[in-house]
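Taking it in order: structure first as structure tokens, then the write-up.
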Amino acid sequence: MRVLLLKDVYKLGHAGDVKKVADGYGRNYLIPHGFAALATASALKQAETLRQNAAIARAKLNAEMQGVADKLKSITLTFAAKAGETGKLYGSITTAQVAAKIKEVSGLEIDRRNVGHQPLRELGEFQVPVRLTTDLIPTVKVVIHREGEVIKTIAAAAPAEAPAEAAPAAAPAEAAEAPAA
10 MRVLLLKDVY KLGHAGDVKK VADGYGRNYL IPHGFAALAT ASALKQAETL RQNAAIARAK
70 LNAEMQGVAD KLKSITLTFA AKAGETGKLY GSITTAQVAA KIKEVSGLEI DRRNVGHQPL
130 RELGEFQVPV RLTTDLIPTV KVVIHREGEV IKTIAAAAPA EAPAEAAPAA APAEAAEAPA
190 A
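The sequence shown lines up with residues 10 to 190 when you count with this note's numbering.
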């Protein structure tokens, strides 16, 4: 099925583009939601004006959102998570958690579907893209550290002197595993 896009559709195209899509996608999603129309001869005559108007609107929206993008680029989100010895998390940091933390830190309402990253499952530092418009995608710095990292850093400073003292500083679950090992 050939459709004429009336609005920008993420990962498909910009307004005014003629795209070939699956019949069900066009009939059940694009056309009912007003994102596209069938690519008939009369619709194709309007394509160029639609493309020009959409380009102007897109440029205006990008200019408005540039301040938000600059604010997002300066944000560093920090998460404390439980992790194993190899740095793998017990669970993950999801896009919903990243969006909630952005709202908490900056007050910006970001939809979780616009946070373009798979769930984070390791300790470390990550650059997570946040899609504001189809053309404007700033990145947010996300740092994931181990829960109780400060205690472990202090304990790691003197491991050769007193390895028995490091065990009481560990979390109760880790302390229970220590005698079994």
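Every residue gets a Cβ at the ideal spot worked out from N, C-alpha and C, and that includes glycine.
Note that this is a predicted model, so its numbers are computed, not measured.
- Would you kindly check if the distance between the Cβ of Lys82 and the Cβ of Thr143 is under 8 Å? Numbered from 1 along the sequence shown, position 134 holds the residue referred to as residue 143. Numbered from 1 along the sequence shown, position 73 holds the residue referred to as residue 82. It is not a contact, given that the beta carbons lie outside the stated cut-off.
- Message: Classify Ala92: buried if its beta carbon has 16 or more other beta carbons within 10 angstroms, exposed otherwise.
- Response: Start at 1 with the first residue of the sequence shown, and residue 92 comes out as number 83. Ala92 is buried by the Cβ-count criterion.
- Alpha carbon to alpha carbon, what distance is there between Arg140 and Leu53? The residue you call residue 53 lines up with position 44 of the sequence shown. The residue you call residue 140 lines up with position 131 of the sequence shown. So the two alpha carbons sit approximately 29 Å from each other.
- Using the rule of at least 16 other Cβ atoms within 10 Å of the residue's Cβ for burial, across every protein chain shown, is Asp32 buried or exposed? Within the sequence shown, numbered from 1, the residue matching residue 32 stands at position 23. So Asp32 counts as exposed.
- Take the Cβ of Ile163 as the centre, count every other Cβ of all protein chains shown within 10 Å, and call the residue buried at 16 or more, exposed below. Locating residue 163 in the sequence shown gives position 154, counting from the first residue. With a pLDDT of only 34 at Ile163, under 50, the local geometry of the prediction cannot be trusted, and no value is derived from it.
- Task: Can you say whether Val152 is buried or exposed, counting buried as having 16 or more other CB atoms within 10 angstroms of its CB?
- Result: Here residue 152 corresponds to residue number 143 of the sequence shown, with the count starting at 1. It counts as exposed.
- Message: Is it the case that the segment 20-30 contacts the segment 57-70, given that we only count it when at least three CB pairs across the two stretches are under 8 Å?
- Response: yes
- Report the rounded CA-to-CA distance for Leu47 versus Val12, giving the unit in angstroms. Taking the sequence shown and counting its residues from 1, the one referred to as residue 47 is at position 38. Taking the sequence shown and counting its residues from 1, the one referred to as residue 12 is at position 3. So the two alpha carbons sit approximately 5 Å from each other.
- Item | Residue closest to Ile119, alpha-carbon to alpha-carbon, out of Gln106, Phe88, Glu134, Phe44 | Taking the sequence shown and counting its residues from 1, one reaches residue 119 at position 110. Here the closest residue by C-alpha is Gln106.
- Message: Can you tell me whether Ile7 is buried or exposed? The criterion is at least 16 other CB atoms within 10 Å of its CB, across all chains shown.
- Response: Coverage of the chain is limited to positions 10 through 190, which leaves residue 7 absent and any answer about it impossible.
- Between the Cα of Gly100 and the Cα atoms of Pro138, Gln127, Tyr38, which residue gives the shortest distance? Counted from its first residue, the sequence shown places residue 100 at position 91. Out of Pro138, Gln127, Tyr38, Gln127 has the C-alpha closest to the C-alpha of Gly100.
- Message: Suppose the cutoff is 8 Å on Cβ atoms and the five residues either side in sequence are ignored; what does the same chain contact list for Met74 look like?
- Response: The sequence position of residue 74 within the sequence shown is 65, counting from 1. So the qualifying residues of the chain are Leu141, Thr142, Leu145.
- Query: According to DSSP, which residues form a beta bridge with Arg155?
  - Reply: Numbered from 1 along the sequence shown, position 146 holds the residue referred to as residue 155. Looking at the DSSP assignment, Arg155 forms a beta bridge with Ala90.
- Item | Endpoints, the alpha helix (DSSP H) within which Lys69 is located | On the sequence shown, residue 69 is found 60 positions in, with the first residue counted as 1. Element bounds for Lys69: 56-82.
- Item | Through-space distance from Lys110 to Leu39, alpha-carbon basis | What you label residue 39 is simply residue 30 of the sequence shown in a count that begins at 1. What you label residue 110 is simply residue 101 of the sequence shown in a count that begins at 1. Whole-angstrom Cα-Cα distance: 32 Å.
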